[in-house]
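Participant: Okay, so the sequence shown: first residue is 1 according to our numbering, each after it adds one.
No residue lacks a Cβ here, since even glycine has one placed at the ideal position from N, Cα and C.
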Amino acid sequence: MDKELLSRIREKISRNIGIKGDSYAVLSNPGYSPVHISEDYFHDFDAKNSENKIAFIDGGNMELISSSGICLSLIRCYYCIYGENKRVEAKRSEFFAFVYSENKGEKVLFKAEIFNGAGIFESDGVLEFDSMDPDIRKGGSRADISSIPGIVRRIAELKIAQKLSEKLSKDDIIILDGNLQPSNKEEEKILERLKRSAPILAAISKTSSLMTDKGNAFSAVLESFEKPGKWYYYPIAHSERLPEIFCVRLHGRSEYIFKLEAFPRQDFNPEEVFGLLASNCRDPVFIGYPYGLIEADGLARIKNNEKDFYTSSLMASFGKEWKKLKPYINTKNAHSVLDSIS
1 MDKELLSRIR EKISRNIGIK GDSYAVLSNP GYSPVHISED YFHDFDAKNS ENKIAFIDGG
61 NMELISSSGI CLSLIRCYYC IYGENKRVEA KRSEFFAFVY SENKGEKVLF KAEIFNGAGI
121 FESDGVLEFD SMDPDIRKGG SRADISSIPG IVRRIAELKI AQKLSEKLSK DDIIILDGNL
181 QPSNKEEEKI LERLKRSAPI LAAISKTSSL MTDKGNAFSA VLESFEKPGK WYYYPIAHSE
241 RLPEIFCVRL HGRSEYIFKL EAFPRQDFNP EEVFGLLASN CRDPVFIGYP YGLIEADGLA
301 RIKNNEKDFY TSSLMASFGK EWKKLKPYIN TKNAHSVLDS IS
């Protein structure tokens with residue numbers, strides 16, 4: 001590659017990654033009031049063994065059939081519970097979600113019909129979404145039907161958290177992957193119930209788009225303070241009703257800072273919560289990241305060879321009828337053909 005071109009690219013990148021007197025984090029939700037960045041907001045903590053339990057939940061989904069008007073996905077969820085750093089309970093569940101469009105007056109609705117979801121949902125049923133709901137659409141355009149299975153998966157994860165909250169104590173912790181910001185009304189209803197439940201509910205983001213007023217990554221600004229060991233940074237922003245936001249390094253040798261959200265409550269003790277989490281973050285596979293989430297991610301993930309198996313099973317079940325699906329599938333698979341050529 002041309003050395004002069006590389007030099008120009010390097011120079012441009014270098015000019016845009018320096019810390020420039022950043023003042024506060026910029027949050028997309030207007031319900032937060034940002035707090036000025038200060039070295040005083042770094043707090044040390046120690047890893048702690050405790051009798052309290054931590055439950056980790058994650059999910060995955062894979063499209064089996066997809067067109068602009070229908071979509072069939074396999075959705076898999078997994079949870080594991082750790083006590084004294086040993087797995088004491090685990091369960092994997094999977095179900096199918098068939099999403100189709102339906103006109104209702106002037107509206108186009110997406111209906112997600114659940115098959116084999118009794119382990120998570122009360123019964124097999126139908127979830128309904130307005131395709132022009134501002135919470136799920138893209139800009140001014142109608143939501144893509146293929147985005148609905150991801151929403152159904154998240155609802156399933158929250159329903160598992162709700163079931164676990166009934167068996168765990170108030171000092172136990174439920175950890176989700178991602179965040180606690182609802183993306184639709186159904187998630188909002190479940191999160192409101194979970195907010196009032198006994199255990200502590202939190203979510204960890206592996207990646208965070210949190211930026212500062214100067215356009216820098218918030219985690220990079222925290223790194224510039226060069227704080228050693230385990231620590232959490234708080235407060236980042238204030239809100240009376242929204243989840244508390246923390247940034248945390250869960251192992252002294254970790255190169256990663258994670259964003260953690262938790263619902264506020266009077267007896268919430270960050271040192272206890274992060275200390276218990278840190279005791280689950282010693283695995284060299286991903287040091288500084290909870291092993292329970294590594295496990296949940298791996299066992300909820302749906303691999304491509306599994307997709308081939310389920311698609312072949314569907315083809316066998318449809319028999320000669322399968323060719324009727326071809327016009328629907330071909331509306332979206334042109335990219336797949338080009339990918340296979342290249």
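1. Among A237, L158, N269 and R282, which one has its Cα closest to the Cα of N56?
2. Using a threshold of 8 Å, state whether the C-beta atoms of Y233 and F45 are closer than that.
3. I need the boundaries of the alpha helix (DSSP H) containing L325, first residue and last residue.
4. Would you mind giving the Cβ-Cβ distance between M62 and K307, rounded to the nearest angstrom? I have them listed as a contact below 8 Å.
5. Can you give, in chain order, each stretch of the beta strand (DSSP E) that sits fully within the stretch 180–222 and has at least 3 residues?
6. Just to confirm the assignment, what range does the beta strand (DSSP E) spanning N49 have?
7. Given a cut-off of 8 Å, decide if N269 and Y82 are closer than it, judged by their beta-carbon atoms.
8. In terms of alpha-carbon separation, which member of I136, P228 and G292 lies closest to I204?
9. Report the three-state DSSP secondary structure of S165 (helix, strand or coil).
10. Which residues in the same chain have their Cβ closer than 7 Å to the Cβ of Y275, if we skip the five residues on either side of it in sequence?
11. Just the C-alpha distance for V26 and I257, rounded to the nearest angstrom, thanks.
12. Who pairs with A237 in a beta bridge, going by DSSP?
13. Report the CB separation of V152 from A112 in whole angstroms; it is logged as a contact under 8 Å.
14. Taking the C-alpha atoms as reference points, what is the distance between I9 and N216?
15. Using the Cα positions of S68 and N103, report the straight-line distance between them to the nearest angstrom.
16. Checking 8 Å against the spacing of the C-beta atoms, do F110 and L72 come in under that value?
17. Going by DSSP, which residues form a beta bridge with S73?
18. Buried or exposed: where does T212 fall if 16 or more other Cβ atoms within 10 Å of its Cβ makes it buried?
19. Roughly how many whole angstroms lie between the Cα atoms of V99 and G252?
Facilitator: In this structure, then:
1. Checking the sequence shown, residue 56 turns out to be Phe, not Asn. Ranking A237, L158, N269 and R282 by Cα distance to F56 puts L158 first.
2. Cβ distance not < 8 Å, so Y233 and F45 don't count as in contact.
3. No alpha helix (DSSP H) holds L325; DSSP gives it neither H nor E.
4. About 5 Å separates the two Cβ atoms, so the contact holds.
5. The stretch 180–222 contains these whole beta strand (DSSP E) runs: 200–205.
6. Neither: N49 is in no beta strand (DSSP E) and is coded neither H nor E.
7. No; because the gap between Cβ atoms is not below 8 Å, this pair is not in contact.
8. Taking only the C-alpha atoms, the option nearest I204 is G292.
9. In the structure shown, S165 adopts helical secondary structure according to DSSP, grouped into three states.
10. According to the sequence shown, residue 275 is Gly rather than Tyr. Exclusion of the five residues before and after G275 leaves F45, D46, A47 and K48 as the residues of its chain whose Cβ lies within less than 7 Å of its Cβ.
11. If you take the alpha carbons of V26 and I257, they lie about 17 Å apart.
12. Bridge partners of A237: P34.
13. The beta-carbon separation of V152 and A112, rounded to 5 Å, stays under the 8 Å limit for a contact.
14. Between the C-alpha atoms of I9 and N216 there is a straight-line separation of about 18 Å.
15. So the alpha carbons of these two residues sit roughly 14 Å apart.
16. No, the Cβ-Cβ distance between F110 and L72 is not below 8 Å.
17. The beta-bridge partner set that DSSP reports for S73 consists of E63 and A97.
18. With at least 16 other beta carbons inside 10 angstroms of its own, T212 counts as buried.
19. Roughly 45 Å between the two C-alpha positions.
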